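Those letters in the sequence shown? Residues 2 to 81, by the working numbering. The beta carbon of each residue, even a glycine, is placed where N, CA and C say it ideally should be. If you're wondering where the values come from, they're calculated on a predicted model, not measured in any experiment.
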Amino acid sequence: MKFSIERAALLKAVSQAQSVVERRNTIPILANVLIEAEGSDVSFRATDLDIEVVDKVAAQVERAGATTVSATLLHEIVRK
């Protein structure tokens with residue numbers, strides 16, 4: 002997966018996802034955000050099993066793909 006995205010759009014999407022993720026870590030994957038790059042969008046999906054947030058952002062996708070990453074860690078990196 003490889004894509005280019007505006008930092009402000011990335012920060013907004015990651016902030017929304019980070020606000021929803023599971024804080025108690027009873028199920029570790031719920032602390033992550035799912036990032037899917039496809040076509041001309043990148044989607045960010047997070048849930049705590051009660052609430053789900055999906056945010057699609059326009060981006061230049063060079064290679065499609067998907068991965069999960071710690072929402073808190075990604076938010077800290079993008080914010081700086």
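- Assigned with DSSP and collapsed to three states, Ala14 falls in helix.
- Counting along the chain, Val62 sits inside no alpha helix (DSSP H); it lies in the beta strand (DSSP E) bounded by residues Gln61 to Arg64.
- Closest in alpha carbon position to Ala9, among Thr69, Ala60 and Ala72, is Ala60.
- Across the structure, Val70 and Leu31 are spaced so that their CA atoms are roughly 10 Å apart.
- Comparing alpha-carbon positions, the option among Thr68, Phe4 and Ser20 lying closest to Glu53 turns out to be Ser20.
- DSSP, read as helix, strand or coil, puts Arg25 in coil.
- Of the candidates Glu7, Arg24, Val79 and Ile36, the residue whose Cα lies closest to the Cα of Val55 is Ile36.
- The DSSP-derived three-state label of Leu35 is strand.
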